[in-house]
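15 is the number of the first residue of the sequence shown in our numbering; add one for each residue after it.
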Amino acid sequence: MSQDLFGIHGKALELRSQRMGLIASNIANAGTPGYKAKDIDFSVAIRAADANGQGGASVDQAGKAAEFYRVPVMPSLDGNTVELQNEQLAFSENAVGYSATLDFIRGRVDTVKRALRGE
C-alpha cells in the first residue's frame, strides 16, 4: 500500500538520504590526505530503484550502484579530491530536493488522514 501511496517519492527520499550521508562524509574528510570524494548519480539510482517492481535493484543497491568518485577541478597535493565549495553546493541542492520530496509525502499523508476522517 505504501508503494502505491507514495509512488517513486518514498524511494527518492531514501536515495536523497543516502546521498546526503555521502556528501556529509566528503565534507567531514575535507582535510584527510588521500580521501576520495564520492557522490551518487541520483537520476541513475532512481531509475534503477524504480525498476524494482520489474526485477530492478533495491533502493540500497541502486544507491551503491550509482556511486562514483568525483573528479576534482583542482586536485590537492595530498591526494584529497574533496572540493569544499562543490560539496556544500551539492549538499544544499540535495537538501532542497529532500525537503521537497518530504513535503510531497506529508501532503499525501494529510490527504489520507482527511479522507479517513471524512472531510
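For every residue, glycine included, the Cβ atom is placed at its ideal position computed from N, Cα and C.
- Cα atoms of Gly-45 and Lys-25: separation of roughly 32 angstroms, rounded to the nearest angstrom.
- Positions of the beta strand (DSSP E) runs, each at least 3 residues long and wholly inside the segment 69-99, are given as 81-83 in order along the chain.
- Proximity of the segment 106-123 to the segment 83-90 falls short of the contact definition, fewer than three beta-carbon pairs being nearer than 8 angstroms.
- Gln-102 counts as exposed, since fewer than 16 other C-beta atoms from the protein chains shown sit within 10 angstroms of its C-beta.
- A direct Cα-to-Cα measurement between Lys-127 and Tyr-49 gives close to 47 angstroms.
- Residue burial annotation: Glu-28 is buried, with at least 16 other C-beta atoms found within 10 angstroms of its C-beta.
- Separation of the CB atoms of Arg-30 and Gly-111 is rounded to 6 angstroms, and the pair is thereby assigned contact status at 8 angstroms.
- Residue burial is scored here from C-beta neighbours: Val-123 has fewer than 16 other C-beta atoms within 10 angstroms and is therefore classed as exposed.
- By the beta-carbon neighbour count (other beta carbons within 10 angstroms, threshold 16), Glu-107 is exposed.
- In summary, Ala-109 is exposed, with fewer than 16 beta-carbon neighbours lying within 10 Å of its beta-carbon over all protein chains present.
- Between Ala-80 and Phe-56, the C-beta gap is smaller than 9 angstroms, which places the two residues in contact.
- Per the C-alpha coordinates, the member of Asn-43, Ala-62 and Ala-76 positioned closest to Thr-95 is Asn-43.
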